[in-house]
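**Student:**
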Amino acid sequence: MSSAPEFLPFTRPSIDEDTIAGVVEVLRSGWITSGPQVKAFEAALSAHCGGRPVRALSSATGALEIALTLAGVVPGDEVITTPLSWVATANVIVRAGARPVFVDVAAATRNIDLNKLEAAITPRTRAILPVDFAGLPVDRDQLYAIAKRHQLRVIEDAAQSMGANWNGRTIGSSGDLVAISFHANKNITTSEGGCLVCNDDDEARRCELLRLQGVERFPDGEIEVSVAGGKHNLTDIAARIGLGQLPQLEVFTARRRELAQHYFATIDRKLGCELPPADFRHSNWHMFQLVLPEGTDRGRFIAAMAERAIGIGVHYPAIHRLALYRALGYCDGDFPVAERLGRGLVTLPLFPAMTFSDVERVCAAVADTLRSRQT
Numbered sequence: 001m002s003s004a005p006e007f008l009p010f011t012r013p014s015i016d017e018d019t020i021a022g023v024v025e026v027l028r029s030g031w032i033t034s035g036p037q038v039k040a041f042e043a044a045l046s047a048h049c050g051g052r053p054v055r056a057l058s059s060a061t062g063a064l065e066i067a068l069t070l071a072g073v074v075p076g077d078e079v080i081t082t083p084l085s086w087v088a089t090a091n092v093i094v095r096a097g098a099r100p101v102f103v104d105v106a107a108a109t110r111n112i113d114l115n116k117l118e119a120a121i122t123p124r125t126r127a128i129l130p131v132d133f134a135g136l137p138v139d140r141d142q143l144y145a146i147a148k149r150h151q152l153r154v155i156e157d158a159a160q161s162m163g164a165n166w167n168g169r170t171i172g173s174s175g176d177l178v179a180i181s182f183h184a185n186k187n188i189t190t191s192e193g194g195c196l197v198c199n200d201d202d203e204a205r206r207c208e209l210l211r212l213q214g215v216e217r218f219p220d221g222e223i224e225v226s227v228a229g230g231k232h233n234l235t236d237i238a239a240r241i242g243l244g245q246l247p248q249l250e251v252f253t254a255r256r257r258e259l260a261q262h263y264f265a266t267i268d269r270k271l272g273c274e275l276p277p278a279d280f281r282h283s284n285w286h287m288f289q290l291v292l293p294e295g296t297d298r299g300r301f302i303a304a305m306a307e308r309a310i311g312i313g314v315h316y317p318a319i320h321r322l323a324l325y326r327a328l329g330y331c332d333g334d335f336p337v338a339e340r341l342g343r344g345l346v347t348l349p350l351f352p353a354m355t356f357s358d359v360e361r362v363c364a365a366v367a368d369t370l371r372s373r374q375t
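With this note's numbering, the residue at position 286 of the sequence shown is 286, and numbering never jumps.
#1: Residue range of the beta strand (DSSP E) that L129 falls in?
#2: Can you find at least 3 beta carbon pairs, one from the region 341-361 and one from the region 297-313, that sit closer than 8 Å?
#3: Is it buried or exposed, N167, if we count other Cβ atoms within 10 angstroms and call 16 or more buried?
#4: Which of helix, strand or coil does DSSP assign to T81?
#5: Identify whether E118 lies in helix, strand or coil by the three-state DSSP scheme.
#6: What are the partner residues of N165, as DSSP defines its beta bridges?
#7: Name the residue from E17, F41, S3, C363 whose alpha carbon lies nearest to the alpha carbon of T266.
#8: Which full runs of the beta strand (DSSP E) of 3+ residues lie inside the region 332-370, going along the chain?
#9: Would you mind working out which of R140, A147, D132, A106 sits nearest T125, comparing C-alpha positions?
#10: Do you know whose CA, among M287, D202, D113, lies nearest Q261's CA?
#11: Looking only at its own chain, which residues have a Cβ that is under 7 Å from the Cβ of A158, when we skip the five neighbours before and after it?
#12: Suppose you measure from the CA of L114 to the CA of V105; what does that come to, to the nearest Å?
#13: Give me the DSSP bridge partner(s) of L209.
#14: With distances taken Cα to Cα, identify the nearest neighbour of E42 among R240, G329, R308, E307.
#15: Would you say A47 touches the ligand PLP, meaning its beta carbon is less than 7 Å from a heavy atom?
#16: Shortest alpha-carbon distance to A108 belongs to which of E118, V138, I121?
#17: For the alpha helix (DSSP H) containing S29, name the first residue and the last one.
#18: Please name the residue or residues paired with A157 in a DSSP beta bridge.
#19: Using three-state DSSP, classify L8 as helix, strand or coil.
#20: Using a Cβ-Cβ cutoff of less than 8 Å, which residues in the same chain neighbour S226 once the five nearest sequence positions on both sides are dropped?
#21: Check P36 in the structure and name its three-state DSSP category.
#22: Which value, in whole angstroms, describes the spacing of the CA atoms of P352 and F10?
#23: Give a yes or no on whether the C-beta atoms belonging to L57 and G163 are separated by under 8 Å.
#24: Helix, strand or coil: which one does DSSP assign to F301?
#25: If we ignore side chains and look at the alpha-carbon of each, how far apart do T122 and R340 end up?
#26: So the beta strand (DSSP E) Q102 belongs to, where does it begin and stop?
#27: Out of L243, V103, R257, A67, state which residue places its alpha-carbon closest to the alpha-carbon of G135.
#28: Classify L290 as helix, strand or coil using the three-state DSSP reduction.
#29: Could you tell me the alpha carbon to alpha carbon distance between L64 and R211, rounded to whole angstroms?
#30: Could you tell me if P75 is buried or exposed, where buried requires 16 or more neighbouring beta carbons within 10 angstroms of its beta carbon?
#31: Starting from the C-beta of S34, find all residues in its chain whose C-beta is less than 7 Å away, skip the five residues before and the five after it, and write them out in chain order.
#32: Could you please give the first and the last residue of the uninterrupted beta strand (DSSP E) stretch that includes R255?
#33: Quick one: using the 10 Å Cβ neighbour count with 16 as the cut-off for buried, is R320 buried or exposed?
#34: Just to confirm my understanding: we take R308, look at its own chain, exclude 5 residues before and 5 after, and list those with CB closer than 6 Å. What are they?
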């Protein structure tokens, strides 16, 4: 009697034994909150980003919140962003007292449609906050040309694009403020965490104050607080995981690209699914996503794949259709491309430890599930 297949999740971190041992050393050191490991991780991240100052944080959400403050966004301002992202992208704008102004995405890239962006700029626009959806970078040349014309700050939500590049430039090595995620499902992880790439030492110093209550400490034990900071510091435990992950980024990215290429070679094109942009020049292949055929019951598809021991993710529903954003006046039909994608997107398993046979198993299950009319 054959055994049931092992469950294949849509993602799984690859953490080696040296990193695990390093975390144990940190735990035994007695210094587990922000300390020497965080400083070492920041130095390594700075080297990855071409020497730009980088500050490690407890999340990319925190990085976006701090970036909005550094960019001078205040209540009453507008920030242009995409409706197709994790809700944190828009939530941070609302929490800053500003209004998120959505611009629909381009079907070809699933990123914000830069050709429609300038029409959304008003005298109240303070910044542009684009997202590198599924690890495919927004066109940085066109983006920054628009920002320069209108004298706007750019806050890159690069949460998903660590290891990607734009025309050979590593994401984070150029541009304005860049927020990156090291969440458990990202291409490298610190379990939870993120960072903000700053423009200069002054911004980095302000980021340091904003990440930990605004507190500045002096040798005589006194403190000063000049800004109402938050609580966004990364622990040494998390930083040690990051120090083990970062040297493997290039290998992880190369493997993700190989697996994505195998998906393209294996998936049955007759199923009617919309495949992701086949960009093997810029993308880090954070996710491999299909848009299910119109009329497919996504919930039943996910359940049917789970019965075949395959995990499926949903990334993401269109933000403007959520209650908080409906209350701001957004309605169904406002951004039809994002709505169509948000209804049909499913994330297939993709992580470095997968094999080509895993990809073939997923593709066979997708075909069997869609053809069996279980959805």
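Think of the CB as a built atom: it goes at the ideal place given N, C-alpha and C, for glycine as much as any other residue.
Note that the structure is predicted; figures quoted are calculated from it, not measured.
**Tutor:** This is what the structure gives:
#1: 125-129
#2: yes
#3: exposed
#4: strand
#5: Residue state, collapsed to three classes: helix.
#6: T170
#7: C363
#8: 345-348
#9: Nearest of R140, A147, D132, A106 to T125, Cα basis: A147.
#10: M287
#11: Apart from the 5 residues on each side of it in sequence, A158 sits with its Cβ closer than 7 Å to the Cβ of D132, I171, G172, V178, A179, I180 in its chain, given in chain order.
#12: 8 Å
#13: Residue pairing by DSSP places L209 in no beta bridge whatsoever.
#14: R240
#15: In the structure shown, the ligand PLP is absent, as is every other ligand, since no ligand is present at all.
#16: V138
#17: 17-29
#18: In the sequence as presented, Ala is not what sits at residue 157; that position holds Asp. Answer is V131, A179.
#19: strand
#20: L209, G214, E216
#21: The three-state secondary structure of P36, taken from DSSP, is helix.
#22: Each residue's alpha carbon lies about 11 Å from the other.
#23: no
#24: helix
#25: 27 Å
#26: The amino acid occupying residue 102 in the given sequence is Phe; Gln does not appear at that position. Counting along the chain, F102 sits inside the beta strand (DSSP E) bounded by residues 99-102.
#27: Among L243, V103, R257, A67, the Cα nearest to that of G135 is on R257.
#28: Judged by DSSP in its simplified three-state form, L290 adopts strand.
#29: 11 Å
#30: exposed
#31: Taken in chain order, the residues that qualify are N233, L234, T235, D236.
#32: Run containing R255: none in the beta strand (DSSP E); it sits in the alpha helix (DSSP H), 249-266.
#33: Position check: residue 320 holds His in this sequence, whereas Arg was assumed. It counts as buried.
#34: Only A365 meet the Cβ criterion.
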